[in-house]
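One structure is given below, encoded as structure tokens.
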Amino acid sequence: MKGKILLAAMIAAVCVGLGIVSFIRTQETSGEDADAEAQDTTTLDWYINYSWFDSQWGENIVSKKITEETGVDIEFIVPKGTETEKLDSMINSGTLPDIVTIGWWEPQNQEMIESGMVYPLNVLAEAYSPDFFDVVDESRVRWYTQSDGNIYGYPNYSFTYEDFENNELTSHQNFLVRKDIYEAIGSPDMTTPEGFAAAVKAAAEMFPEVDGEPLIPIGCDSFTENGCTSFDNYLLNFLAIPYEQDGQYYDRYTDPEYIRWLKVFRQLGEDGYLKDEIFIDRRSQLEEKLVQGRYFCLLYQNKDIEDPQKQIYLEDPERVYMAVEGPRNSAGDDPVLPTQGINGWSLTYISKNCKNPEKAIELMTYMLSEEGQKLAYIGEEGTMYTQEGDVTTIKPEVLSLLNSDREAYEAVYGADDTYWMLQNGVSQLQWQTPMLDCFAQLRDWTRPYVAYTGQYDLSFSDPQTAALYDHMQYLWGITLPKLLMADSDEEFDRILEEYVQTREEEGYAQFAAAATQMYKLNKQKLGMEE
Numbered sequence: 001m002k003g004k005i006l007l008a009a010m011i012a013a014v015c016v017g018l019g020i021v022s023f024i025r026t027q028e029t030s031g032e033d034a035d036a037e038a039q040d041t042t043t044l045d046w047y048i049n050y051s052w053f054d055s056q057w058g059e060n061i062v063s064k065k066i067t068e069e070t071g072v073d074i075e076f077i078v079p080k081g082t083e084t085e086k087l088d089s090m091i092n093s094g095t096l097p098d099i100v101t102i103g104w105w106e107p108q109n110q111e112m113i114e115s116g117m118v119y120p121l122n123v124l125a126e127a128y129s130p131d132f133f134d135v136v137d138e139s140r141v142r143w144y145t146q147s148d149g150n151i152y153g154y155p156n157y158s159f160t161y162e163d164f165e166n167n168e169l170t171s172h173q174n175f176l177v178r179k180d181i182y183e184a185i186g187s188p189d190m191t192t193p194e195g196f197a198a199a200v201k202a203a204a205e206m207f208p209e210v211d212g213e214p215l216i217p218i219g220c221d222s223f224t225e226n227g228c229t230s231f232d233n234y235l236l237n238f239l240a241i242p243y244e245q246d247g248q249y250y251d252r253y254t255d256p257e258y259i260r261w262l263k264v265f266r267q268l269g270e271d272g273y274l275k276d277e278i279f280i281d282r283r284s285q286l287e288e289k290l291v292q293g294r295y296f297c298l299l300y301q302n303k304d305i306e307d308p309q310k311q312i313y314l315e316d317p318e319r320v321y322m323a324v325e326g327p328r329n330s331a332g333d334d335p336v337l338p339t340q341g342i343n344g345w346s347l348t349y350i351s352k353n354c355k356n357p358e359k360a361i362e363l364m365t366y367m368l369s370e371e372g373q374k375l376a377y378i379g380e381e382g383t384m385y386t387q388e389g390d391v392t393t394i395k396p397e398v399l400s401l402l403n404s405d406r407e408a409y410e411a412v413y414g415a416d417d418t419y420w421m422l423q424n425g426v427s428q429l430q431w432q433t434p435m436l437d438c439f440a441q442l443r444d445w446t447r448p449y450v451a452y453t454g455q456y457d458l459s460f461s462d463p464q465t466a467a468l469y470d471h472m473q474y475l476w477g478i479t480l481p482k483l484l485m486a487d488s489d490e491e492f493d494r495i496l497e498e499y500v501q502t503r504e505e506e507g508y509a510q511f512a513a514a515a516t517q518m519y520k521l522n523k524q525k526l527g528m529e530e
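The UniProt record's numbering numbers the first residue of the sequence shown as 1 and each following residue consecutively.
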């Protein structure tokens with residue numbers, strides 16, 4: 001507690017020096033009008049930078065309870081098209097909504113901070129909600145505190161190295177196969193290029209169609225401007241490709257083992273097993289095809305397959321997707337599968353456009369509190385679960401709906417991280433709910449291979465370095481599909497050579513040096529010095 005009081009006092013001193021607290025207070029209403037307004041519910045617009053987000057607020061038990069406790073109602077804003085275009089448009093026009101949630105890796109994080117578009121959370125907390133300092137985690141606050149002494153965005157699902165050491169965590173990354181098809185072709189070894197290719201061809205030959213629709217032998221996550229997680233990050237992790245070598249940033253994208261496997265996929269594409277649609281499908285189309293069971297195999301995140309998996313399980317448990325051993329390097333090394341790092345998943349900000357920053361920071365404080373975390377994860381006590389001592393029991397009808405109809409569950413109850421924007425994955429471990437076997441198998445499979453890789457997450461505060469990193473990602477993003485769709489290995493080599501040459505000409509050495517320094521700094525901040 002002393003540490004938190006000291007932190008609050010230190011941050012407050014910085015804020016007073018900046019004159020921000022007085023600036024905020026000039027925006028407060030006063031007298032009887034303010035007292036009357038405080039009794040009313042404030043509606044805040046909350047932008048979620050994910051086009052797939054479709055949860056609503058105000059009708060289910062959890063959102064009603066949060067509004068009751070905080071006096072805040074929410075109108076969600078979600079991009080209808082490309083997330084980057086929508087976010088950039090709002091930034092450029094100065095029309096950011098009251099609250100903003102975006103991925104921690106997005107370059108717009110630093111842009112919003114540098115441009116003064118978002119409030120320092122510590123300043124708002126000091127002015128309006130001192131309890132904020134009691135509910136946030138000091139290590140996460142330190143991690144996201146900027147050079148000016150302020151923290152602007154707070155993460156969800158953030159795990160420190162200490163969290164990793166003290167808890168039995170799992171990874172979201174799996175190599176998945178459709179159970180009945182995999183078993184029908186003899187449950188083959190798919191860890192080698194030869195075995196993988198043979199299994200894909202056998203599945204396509206034995207099951208050319210699924211319920212009248214063509215089988216998609218190899219599935220993947222959506223391709224974006226930065227690549228495709230299935231064919232880059234996940235494949236790299238299954239191949240145990242290192243992030244650094246001899247203390248220096250390592251170029252994972254040109255590692256011989258990775259190139260060897262990309263050529264396997266390229267050849268399968270030439271043979272007709274990489275379907276055109278996987279390069280253009282968005283998440284909604286991907287989920288629809290998962291429900292239909294049209295993919296034989298894919299490297300994918302188990303968290304995002306939960307809804308399709310439930311539907312499949314209820315219709316035919318034999319058609320579910322299960323985790324098996326996937327691609328390995330030529331030495332047969334175990335995969336290195338990351339759990340979430342300290343950066344978390346997304347960051348939530350309060351915009352300078354916010355019509356009621358006091359209510360916004362009070363909402364964040366409540367949602368970050370143990371009461372708010374438990375409410376968002378397992379719901380309202382008495383209505384959705386019972387508590388006897390340390391034993392939390394989800395009511396059968398609640399659990400039944402959760403495991404059978406996610407859409408209906410969110411509409412009625414709204415827990416189980418329907419509102420995930422400020423959720424703490426560590427605190428949730430104490431309230432774990434019973435999991436269907438078809439989910440547990442995916443998570444449990446990863447346990448022997450889980451590693452902490454948060455020290456290798458890259459996020460640059462310097463605008464020039466951040467722009468350079470963004471450009472390096474873009475160059476890879478336009479190269480990866482070309483490699484997979486190349487007509488021959490010779491064309492593949494030419495495309496790869498062009499990519500490497502373009503990189504070198506456009507600042508790769510500078511980026512690699514900055515990444516090396518970032519790795520070292522991250523290790524120091526995480527207490528992982530070698």
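Don't be surprised by glycine CBs; every beta carbon is placed ideally from N, CA and C. If you're wondering where the values come from, they're calculated on a predicted model, not measured in any experiment.
**OP:** Run the CB neighbour count on Pro130, radius 10 Å, all protein chains shown included, and call it buried at 16 or more, exposed below.
**Re:** As a first step, residue 130 must be located in the sequence shown, where it is residue number 130. Label assigned to Pro130: exposed.
**OP:** Report yes if the CB atom of Trp476 is closer than 8 Å to the CB atom of Tyr253, and no otherwise.
**Re:** The sequence position of residue 476 within the sequence shown is 476, counting from 1. The sequence position of residue 253 within the sequence shown is 253, counting from 1. Taking 8 Å as the Cβ cut-off, Trp476 and Tyr253 qualify as a contacting pair.
**OP:** Taking the CB atoms as reference points, tell me whether Tyr449 and Leu298 lie closer together than 8 Å.
**Re:** Position 449 of the sequence shown, counted from the first residue, corresponds to residue 449. Position 298 of the sequence shown, counted from the first residue, corresponds to residue 298. No; because the gap between Cβ atoms is not below 8 Å, this pair is not in contact.
Original post:
Beta carbon of Asp444: closer than 7 Å to some heavy atom of the ligand GDP?
Top reply: The ligand GDP is absent from the structure shown, which contains no ligand whatsoever.
Original post:
Given that a residue counts as buried once 16 or more other Cβ atoms are within 10 Å of its Cβ, and exposed if not, what is Gln432?
Top reply: Position 432 of the sequence shown, counting from 1, holds the residue named residue 432. So Gln432 ends up on the exposed side.
Original post:
Is it true that the CB of Leu235 sits closer than 8 Å to the CB of residue 532?
Top reply: In the structure as shown, the chain begins at 1 and stops at 530. Residue 532 is therefore absent and cannot be evaluated.
Original post:
What number of angstroms, rounded off, separates the C-alpha of Ala197 from the C-alpha of Leu368?
Top reply: Taking the first residue of the sequence shown as 1, we reach residue 197 at position 197. Taking the first residue of the sequence shown as 1, we reach residue 368 at position 368. Whole-angstrom Cα-Cα distance: 47 Å.
Subject >> Boundaries (first-last residue) of the alpha helix (DSSP H) holding Tyr519 >> reply: Within the sequence shown, the letter at position 519 stands for residue 519. Start and end: 508-526.
**OP:** From the DSSP output, read off the bridge partner residues of Tyr258.
**Re:** In the sequence shown, counting from the first residue as 1, residue 258 sits at position 258. Its beta-bridge partners do not exist; DSSP assigns none.
Original post:
Any idea if Ala376 is buried or exposed, counting beta-carbon neighbours within 10 angstroms, 16 or more meaning buried?
Top reply: As a first step, residue 376 is located in the sequence shown; it is residue number 376 there, counting from the start. Classification for Ala376: buried.
**OP:** Along the beta strand (DSSP E) that carries Arg178, what are the first and last residues, could you check?
**Re:** Taking the first residue of the sequence shown as 1, we reach residue 178 at position 178. 173-178 is the span of the beta strand (DSSP E), which, as asked, contains Arg178.
**OP:** Quick one: grab the DSSP three-state call for Cys438.
**Re:** For the purposes of this step, residue 438 is taken as residue 438 along the sequence shown, with counting starting at 1. Helix at Cys438.
**OP:** Using the Cα positions of Thr29 and Gly219, report the straight-line distance between them to the nearest angstrom.
**Re:** Here residue 29 refers to the residue found at position 29 when the sequence shown is read from its first residue. Here residue 219 refers to the residue found at position 219 when the sequence shown is read from its first residue. Because Thr29 sits at a pLDDT of 44, beneath the cut-off of 50, its placement in the model cannot be relied upon, and the point is left open.
Subject >> Val391 to Ser187 span [Cα, whole Å] >> reply: Along the sequence shown, read from residue 1 onward, the residue named residue 391 stands at position 391. Along the sequence shown, read from residue 1 onward, the residue named residue 187 stands at position 187. Cα to Cα, Val391 sits roughly 40 Å from Ser187.
Original post:
Can you check whether the CB of Asn60 is closer than 8 Å to the CB of Pro79?
Top reply: Reading the sequence shown from its first residue, position 79 is the one you call residue 79. Reading the sequence shown from its first residue, position 60 is the one you call residue 60. No.
**OP:** Measure how close the beta-carbons of Ala360 and Asp98 come, nearest whole angstrom, since I'm counting them as under 8 Å.
**Re:** Translated into positions along the sequence shown, residue 360 becomes position 360. Translated into positions along the sequence shown, residue 98 becomes position 98. The Cβ separation is near 6 Å, so the contact holds.
**OP:** Enumerate, from N- to C-terminal direction, the unbroken alpha helix (DSSP H) stretches of 4 or more residues contained entirely within the segment 353-434.
**Re:** 357-368, 370-378, 396-402, 406-412, 425-428
Original post:
Count the other CB atoms within 10 Å of the CB of Ile478; is the residue buried (16 or more) or exposed (fewer)?
Top reply: Here residue 478 is taken as the residue at index 478 of the sequence shown, counted from 1. Exposed, since its Cβ has fewer than 16 Cβ neighbours within 10 Å.
Original post:
Beta-carbon separation of Pro335 and Phe223 under 8 Å?
Top reply: Taking the sequence shown and counting its residues from 1, the one referred to as residue 335 is at position 335. Taking the sequence shown and counting its residues from 1, the one referred to as residue 223 is at position 223. Not in contact: Pro335 and Phe223 (Cβ atoms no closer than 8 Å).
Subject >> Reduced DSSP secondary structure (H/G/I, E/B, other) of Gln455 >> reply: Here residue 455 refers to the residue found at position 455 of the sequence shown. Gln455: helix per DSSP, three-state reduction.
Subject >> Buried or exposed (CB count within 10 angstroms, at least 16 for buried), Asn166 >> reply: Locating residue 166 in the sequence shown gives position 166, where the first residue counts as 1. Result: exposed.
**OP:** Please work out which residues of its chain come closer than 7 Å, Cβ to Cβ, to Ala199, disregarding the five sequence neighbours upstream and downstream, and give them in chain order.
**Re:** On the sequence shown, residue 199 is found 199 positions in, with the first residue counted as 1. Closer than 7 Å at the Cβ level, and outside the excluded window around Ala199, lie Ile185, Pro188, Met190.
**OP:** Return the CA-CA distance between Leu215 and Asp444, expressed in angstroms with no decimal places.
**Re:** Along the sequence shown, read from residue 1 onward, the residue named residue 215 stands at position 215. Along the sequence shown, read from residue 1 onward, the residue named residue 444 stands at position 444. Rounded to whole angstroms, Leu215 to Asp444 spans 28 Å at the Cα level.
Original post:
How big is the Cα-Cα spacing for Glu288 and Asn302?
Top reply: Indexing the sequence shown from 1 puts residue 288 at position 288. Indexing the sequence shown from 1 puts residue 302 at position 302. Going by the C-alpha atoms only, they are around 16 Å apart.
Subject >> Gln340 - DSSP class collapsed to helix/strand/coil >> reply: Counted from its first residue, the sequence shown places residue 340 at position 340. In this structure, Gln340 counts as coil in the three-state DSSP scheme.
Subject >> N-terminal and C-terminal residue of the beta strand (DSSP E) that Ser346 is part of >> reply: Here residue 346 refers to the residue found at position 346 when the sequence shown is read from its first residue. It spans 346-350 - the beta strand (DSSP E) in which Ser346 sits, taken as one unbroken run.
Original post:
Roughly how many whole angstroms lie between the Cα atoms of Arg25 and Val123?
Top reply: Against the sequence shown, residue 25 aligns to sequence position 25. Against the sequence shown, residue 123 aligns to sequence position 123. Since pLDDT at Arg25 reaches only 48, below the 50 mark, its modelled position is unreliable, and no value is offered.
**OP:** Return the first residue and the last residue of the beta strand (DSSP E) that Gly103 is part of.
**Re:** The count along the sequence shown starts at 1 and reaches residue 103 at position 103. It spans 99-103 - the beta strand (DSSP E) in which Gly103 sits, taken as one unbroken run.
Original post:
Should Asn92 go down as buried or exposed, given a rule of 16 or more other Cβ atoms within 10 Å for buried?
Top reply: For the purposes of this step, residue 92 is taken as residue 92 along the sequence shown, with counting starting at 1. Exposed, because fewer than 16 other Cβ atoms sit within 10 Å of the Cβ of Asn92.
Subject >> Those residues which DSSP pairs with Ile77 across a bridge >> reply: Looking up residue 77 in the sequence shown gives position 77. Partner(s): Tyr47.
Original post:
If you drop the 5 nearest sequence neighbours on each side, which residues of the same chain put their C-beta closer than 7 Å to that of Trp261?
Top reply: The residue you call residue 261 lines up with position 261 of the sequence shown. So the qualifying residues of the chain are Pro193, Leu235, Leu239, Pro327.
Original post:
Secondary structure at Phe23, three-state DSSP: helix, strand or coil?
Top reply: Here residue 23 is taken as the residue at index 23 of the sequence shown, counted from 1. For Phe23, the predicted structure reports a pLDDT of 46, less than 50, and the residue's modelled location is therefore unreliable. A value from the coordinates is still provided. Helix.
Original post:
Going along the chain, which residues of its own chain have a beta-carbon closer than 6 Å to the beta-carbon of Gln473, five neighbours each way excluded?
Top reply: Here residue 473 refers to the residue found at position 473 of the sequence shown. Cβ within range, chain order: Asn226.
Original post:
What is the rounded straight-line gap between the Cα of Arg294 and the Cα of Val210?
Top reply: On the sequence shown, residue 294 is found 294 positions in, with the first residue counted as 1. On the sequence shown, residue 210 is found 210 positions in, with the first residue counted as 1. Approximately 6 Å between the Cα atoms of the pair.
Original post:
How long is the line joining the alpha carbons of Asn109 and Ala415, rounded to whole angstroms?
Top reply: Here the question's residue 109 lines up with position 109 in the sequence shown. Here the question's residue 415 lines up with position 415 in the sequence shown. Using only the alpha carbons, I get a separation of about 28 Å.
Subject >> In chain order, each alpha helix (DSSP H) run of at least 4 residues that lies wholly inside the segment 220-287 >> reply: 235-238, 256-270
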